[in-house]
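First up is the structure itself, then whatever we jot down about it.
2 protein chains.
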Amino acid sequence: MLNPTMSPRTKRKLLIIGGAEDHSDDCVILRRFVELAGDGDARILVVAAAAQRQADAGDRYRRLFRDLGAGRVSVVAIPCRGAAEDPSAAREAGAATGVFFTGGDQLRLTTLLGGTRLFAALQAAHQSGMVVAGTSAGAAAMSDTMIVEGDSDDAPKKCTVKMAPGMGFLAKVVVDQHFAQRGRIGRLLSAIAQNPSVLGLGLDEDTAVEIEPDQPLWVVGSRTATVVDGQTIAHTNTSQSKPEEALAITGVTLHVLPSGYGYHLDKREVALPDGRMP
Amino acid sequence: MLNPTMSPRTKRKLLIIGGAEDHSDDCVILRRFVELAGDGDARILVVAAAAQRQADAGDRYRRLFRDLGAGRVSVVAIPCRGAAEDPSAAREAGAATGVFFTGGDQLRLTTLLGGTRLFAALQAAHQSGMVVAGTSAGAAAMSDTMIVEGDSDDAPKKCTVKMAPGMGFLAKVVVDQHFAQRGRIGRLLSAIAQNPSVLGLGLDEDTAVEIEPDQPLWVVGSRTATVVDGQTIAHTNTSQSKPEEALAITGVTLHVLPSGYGYHLDKREVALPDGRMP
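Top to bottom, those sequences are chains A and B.
Position 41, counted from 1, in the first sequence is what my numbering calls 43; the numbers after and before it change by one each time, with no gaps.
Position 35, counted from 1, in the second sequence is what my numbering calls 37; the numbers after and before it change by one each time, with no gaps.
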């Protein structure tokens with residue numbers, strides 16, 4: 003049950019960003035995050051655990067969100083798992099209206115945060131309506147299973163992609179980021195061919211999807227989100243092939259969606275900007 | 003009508019190569035070309051008009067084809083359109099069992115060769131059974147309409163891709179090359195969205211398709227051919243969008259096919275290695 007006193011702007015929203023979002027012009031995506039978190043009433047927590055230099059990344063986003071009008075922004079430092087067990091960090095999460103996961107290395111993020119008190123507090127806060135946003139590595143880690151690494155600009159191979167358990171804010175989807183910019187269609191195809199019940203979501207740079215339970219996701223930003231739907235796959239040799247062999251994958255359905263377009267994750271249907279189906 | 007005295011190996015075959023084919027190990031693709039041209043009986047003509055240094059490119063392939071056992075290999079130099087009007091070049095084409103178009107710039111190839119006596123002789127020879135092969139730019143120029151340039155590693159936009167009339171050996175297909183290696187799915191999607199009656203064929207490096215009229219094409223080489231079928235597109239905003247805007251393209255069908263897999267261009271159906279449909 004959602005908290006009935008909760009603002010309509012904060013219905014367990016996710017904002018998943020393909021990396022390299024605009025920081026200097028209109029800041030459409032980051033501005034949207036601040037808005038979803040409550041603008042002047044926002045209490046934003048920045049988690050920079052994915053970043054190599056957490057303090058730098060945290061400070062950058064603190065300044066950005068303050069400049070965009072967020073009421074309060076704090077950065078939680080997580081140099082080690084112990085820091086994520088600190089009750090004060092969990093209390094901070096409990097009071098937040100939005101959390102923002104920075105870029106960096108998704109495996110550093112999940113190894114530091116996974117299974118900690120802070121992570122449990124963030125999950126609980128999200129259930130009560132806190133917006134969860136992540137960019138680049140922070141986007142990759144949103145789903146149940148995340149892509150950890152894999153060759154870009156290559157044909158799909160079984161060895162192209164390594165996966166690991168993600169933070170699980172989004173079920174049955176595998177997210178890939180910097181998608182067109184790093185030529186990652188091959189590794190996302192390889193990921194979904196391994197289990198077509200999972201949907202592939204490739205996010206270009208400066209492009210995000212906004213997701214709310216039981217609603218279509220909507221695309222925001224300057225480029226596109228690519229939905230890779232493997233449910234229509236007629237044949238793949240993924241289970242029999244050797245790691246270095248090029249894979250066969252036939253009958254994949256692809257949707258390329260720019261800003262204003264939507265997609266029903268459950269129904270696997272595109273929603274046009276006017277709300278109709280194509 | 004095919005020439006009834008023609009070898010069964012030379013039934014108006016095309017060999018379209020995604021560039022960077024192996025020149026030093028097994029040379030699977032180039033060896034196949036020499037075989038299709040007749041091995042010891044082959045008379046191969048190398049057209050290096052696409053290359054910036056025609057003599058270098060021509061010499062390289064002459065040596066390769068000789069090393070692979072081709073009976074006779076000659077290189078036709080085309081420094082200007084006048085050279086392609088030379089009756090002796092046309093005679094050479096008329097006697098060839100295979101022509102090979104090197105890489106370089108597809109627009110240089112078509113501007114030098116298009117509409118010349120040599121080109122007419124090559125078309126006539128192909129009708130009588132001469133194998134036509136091309137790599138990289140030589141592959142791009144095979145179809146009716148060819149991609150001349152376009153951003154790689156970017157979301158599909160109308161300005162992403164510039165097209166021009168190609169050599170027309172292959173109808174109703176747009177070929178793109180160095181496909182996964184240069185992240186070119188966006189520009190191929192943009193090309194086929196402009197007219198989904200045309201099929202997109204993205205060829206990875208060291209990968210080729212072998213095509214014979216009324217037969218499925220077959221994939222050869224170490225990586226994959228990607229078929230982008232726009233006939234299933236449910237919606238696109240291509241005609242209304244501005245050049246720099248990210249495009250919407252929904253419901254595209256994609257097949258990723260490694261060596262041994264086939265595809266019926268006319269029926270738009272995959273053929274598995276054993277000949278069955280998936």
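Where is the CB? At the ideal position from N, CA and C, for every residue including glycine.
Chain B contacts from the region 174-187 of chain A (Cβ-Cβ distance under 9 Å): F181, A182, Q183, R184, G185, R186 and I187
Cα-Cα separation, E246 of chain B to N197 of chain B: 19 Å
Best match in B:T252, B:I149 and B:G21 for proximity to M165 of chain B [C-alpha to C-alpha]: B:I149
Segment limits, beta strand (DSSP E) that includes Y265 of chain B: Where Y265 of chain B is concerned, the enclosing beta strand (DSSP E) stretches over G264 to H266.
Element boundaries [alpha helix (DSSP H), containing S90 of chain B]: P89 to A97
Min CB distance E94 of chain B to chain A below 8 Å: no
Classification of Q129 of chain A by the beta-carbon crowding that lies within 10 angstroms, buried from 16 upward: The residue in question, Q129 of chain A, is exposed, as its Cβ has fewer than 16 Cβ neighbours within 10 Å.
Three-state secondary structure (DSSP) of V200 of chain A: coil
Contact with chain A by E23 of chain B, beta-carbon distance below 8 Å: no
Residues of the region 67-97 of chain B whose Cβ lies closer than 7 Å to any Cβ of chain A, in chain order: none
Secondary structure of E212 of chain B, DSSP reduced to three states: If DSSP states are grouped into helix, strand and coil, E212 of chain B belongs with the strands.
Three-state secondary structure assigned by DSSP to L4 of chain A: Note that L4 of chain A scores 37 on pLDDT, short of 50, meaning its location in the model is unreliable; the coordinates nonetheless yield the value given after this. Correct three-state label for L4 of chain A: coil.
When A:T112, A:A57, A:Y63 and A:G73 are compared against R83 of chain A, the one with the closest alpha-carbon: A:T112
Spatial distance of R68 of chain A from D208 of chain A (CA atoms): Rounded to whole angstroms, the gap between the alpha carbons of R68 of chain A and D208 of chain A is 20 Å.
Any chain B beta carbon closer than 8 Å to L190 of chain A: no
Three-state class that DSSP yields for E271 of chain B in the structure shown: It is a strand residue.
Proximity winner among B:A126, B:D178 and B:V254, relative to G21 of chain B (alpha-carbon distances): B:D178
Nearest candidate by alpha-carbon position, reference L32 of chain B, set B:P275, B:R110, B:R93 and B:T137: B:T137
Contact with chain B by P6 of chain A, beta-carbon distance below 8 Å: Residue confidence is low: P6 of chain A scores 37 on pLDDT, short of 50, so the model does not pin down where it sits. Its coordinate-derived value is still stated next. It does not; no Cβ of chain B falls within 8 Å.
Closer than 8 Å to chain A by CB, T225 of chain B: Thr is not the amino acid found at residue 225 of chain B; the sequence shown has Arg there. Closer than 8 Å: yes.
Per-residue contacts from L249 of chain A into chain B (C-beta, under 7 Å): V258 and P260
For Q217 of chain A and D268 of chain B, the rounded distance between their alpha carbons: Near 39 Å, if we compare the C-alpha coordinates of Q217 of chain A and D268 of chain B.
Exposed unless 16 or more other CB atoms sit within 10 angstroms - verdict on A52 of chain A: buried
DSSP-derived helix/strand/coil call for A135 of chain A: strand
Integer Cβ distance of V133 of chain A from T99 of chain A, believed to fall under 8 Å: About 7 Å separates the CB atoms of V133 of chain A and T99 of chain A; that is less than 8 Å, so the two are in contact.
D206 of chain A versus P158 of chain B - alpha carbon distance: 11 Å
Exposure label - R189 of chain B; buried when at least 16 CB within 10 Å: buried
The region 261-275 of chain A contacting the region 210-225 of chain A, beta-carbon criterion three pairs below 8 Å: yes
Cβ neighbours of G202 of chain A in the same chain (closer than 6 Å, five flanking residues each side left out): V176, L190, I194 and V230
Buried or exposed by the 16-neighbour rule on C-beta atoms within 10 Å, applied to M144 of chain B: buried
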